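Worksheet: one structure, shown below.
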Amino acid sequence: MPRWLATFVWCLWLSTTASAQPAAHDLDALLESHNPELRAQGLGFLNAEDSERISYLKAALTDAAPVVRLSAAKVLSKSPDPVQRREALEVLGDLVKGPEAEVRSESVVFLGGLGAEADVAVQRILVALHKGLLGSEGVDTLAKIGTVRAVSGIANIVSYSDEALKKSAVVALSQLGVKAQSEVEVLIRALEDPVIAELVLDALPKIGGARAFSGIMLPLRGTDKKLKLKALAVLRSMGSQAEAALPLLVRVSEDADPEIRVAAEGVRATIQKELLLEKR
Numbered sequence: 006m007p008r009w010l011a012t013f014v015w016c017l018w019l020s021t022t023a024s025a026q027p028a029a030h031d032l033d034a035l036l037e038s039h040n041p042e043l044r045a046q047g048l049g050f051l052n053a054e055d056s057e058r059i060s061y062l063k064a065a066l067t068d069a070a071p072v073v074r075l076s077a078a079k080v081l082s083k084s085p086d087p088v089q090r091r092e093a094l095e096v097l098g099d100l101v102k103g104p105e106a107e108v109r110s111e112s113v114v115f116l117g118g119l120g121a122e123a124d125v126a127v128q129r130i131l132v133a134l135h136k137g138l139l140g141s142e143g144v145d146t147l148a149k150i151g152t153v154r155a156v157s158g159i160a161n162i163v164s165y166s167d168e169a170l171k172k173s174a175v176v177a178l179s180q181l182g183v184k185a186q187s188e189v190e191v192l193i194r195a196l197e198d199p200v201i202a203e204l205v206l207d208a209l210p211k212i213g214g215a216r217a218f219s220g221i222m223l224p225l226r227g228t229d230k231k232l233k234l235k236a237l238a239v240l241r242s243m244g245s246q247a248e249a250a251l252p253l254l255v256r257v258s259e260d261a262d263p264e265i266r267v268a269a270e271g272v273r274a275t276i277q278k279e280l281l282l283e284k285r
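Each position in the sequence shown, counted from 1, maps to that position plus 5 in our numbering.
So, in structure tokens, the structure goes:
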């Protein structure tokens with residue numbers, strides 16, 4: 006039976022009962038069903054602190070059906086027992102590399118909701134991303150986990166050949182802000198990649214720090230007109246925070262390209278105006 010159909014049948018049955026929690030005999034029937042979808046549904050009603058049925062959850066972690074392992078791992082990830090939680094997280098990590106796309110997606114999204122506690126699954130998520138088994142949802146989960154290992158993993162994705170993934174990685178680093186300062190050099194090197202260079206320039210001021218600021222100014226010393234204009238736009242958006250760029254902007258305002266000159270003068274004027282207002 007397809008997963009969606011099993012879920013529909015089960016929800017229909019629930020709608021005819023007085024409570025969403027099935028009676029004990031009905032729950033036992035679900036847990037012992039030959040249908041993995043129904044077993045998974047039954048496991049979802051269990052509590053990791055229910056000593057009477059904990060054996061079902063432990064056994065389900067090694068069930069042949071990925072959907073059953075997923076359901077059990079989600080419940081046990083909330084166990085008060087740290088050993089059981091770790092086992093559940095490892096199972097969830099294995100599922101993100103598994104053969105069923107729906108289970109992979111549900112597993113990785115669930116891991117993201119656990120935050121830093123899911124650090125144990127980071128390497129498995131990275132493997133799945135490298136193999137093309139996950140998309141941007143994998144990068145999003147790494148950002149939500151937010152540990153040093155996760156942030157480093159996101160930085161590695163910046164150099165992937167998959168355009169969508171590396172764009173997601175730059176955006177994720179941007180959203181991490183100061184937590185991504187250790188990976189600024191990766192982003193500065195990525196300014197040479199035309200696919201993500203403009204995204205990188207948008208990310209650097211959000212990450213902050215002296216090295217990130219120097220990265221924003223780097224294109225102004227180059228020859229790529231499009232990137233120069235983007236860097237100028239970013240500096241303008243920073244206002245008085247871009248004061249250190251004023252000496253370089255003086256030189257850029259003498260550029261051979263009139264569009265660059267006008268843009269540079271405009272940025273200088275914006276920065277200087279904000280500085281004057283702040284002194285009042």
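For glycine and all other residues, C-beta sits at the position ideal for the given N, C-alpha and C. Everything numeric in this text was worked out from a predicted model, so none of it was measured.
Take residue i as the anchor and find which of the options has the nearest alpha-carbon.
i	options	result
Pro-85	Ala-93, Ala-106, Asp-99, Ala-53	Ala-53
Ala-93	Ala-126, Ala-160, Ile-162, Pro-224	Ala-126
Arg-216	Val-183, Ser-245, Glu-37, Leu-280	Val-183
Met-222	Leu-254, Ala-169, Val-175	Leu-254
Leu-209	Phe-50, Val-175, Gly-137	Val-175
Leu-66	Leu-204, Ala-45, His-135	Ala-45
Asn-40	Pro-104, Val-73, Leu-281, Ser-60	Val-73
Asp-262	Ala-274, Leu-281, Arg-273, Thr-228	Thr-228
Gly-120	Lys-278, Leu-51, Gly-47, Val-153	Val-153
Gln-186	Leu-62, Leu-134, Val-113, Val-205	Val-205
Ser-157	Leu-138, Gly-137, Gln-128	Gln-128
Ser-245	Leu-281, Leu-225, Ala-236	Leu-281
Leu-75	Leu-232, Asp-99, Arg-58	Asp-99
Lys-83	Lys-136, Glu-279, Leu-131, Ala-123	Ala-123
Asp-260	Gly-214, Ser-173, Leu-237, Glu-203	Leu-237
Pro-199	Gln-180, Leu-232, Ser-173, Asp-207	Leu-232
Ile-150	Tyr-165, Gly-118, Glu-142	Gly-118
Which whole-angstrom value is the C-beta distance of residue i and residue j, which I expect to be below 8 Å?
i	j	result
Val-101	Ala-78	Rounded, the Cβ-Cβ distance is 11 Å, inconsistent with contact.
Ile-212	Leu-234	Not a contact, Cβ separation roughly 21 Å.
Leu-36	Tyr-61	5 Å
Note down the Cα distance separating residue i from residue j, rounded to an integer number of angstroms.
i	j	result
Ala-247	Lys-230	20 Å
Ala-249	Arg-285	20 Å
Val-113	Leu-170	15 Å
Arg-226	Glu-190	17 Å
Arg-241	Ser-219	15 Å
Leu-178	Glu-188	8 Å
Ala-34	Gly-103	28 Å
Ile-59	Asp-145	32 Å
Gln-180	Lys-172	13 Å
Ala-155	Arg-256	40 Å
Ser-24	Val-88	Low local confidence applies: a pLDDT of 46 at Ser-24 is under 50, so the model's placement there is unreliable, with the coordinate-based value given in what follows. When rounded, the distance between both Cα atoms is 33 Å.
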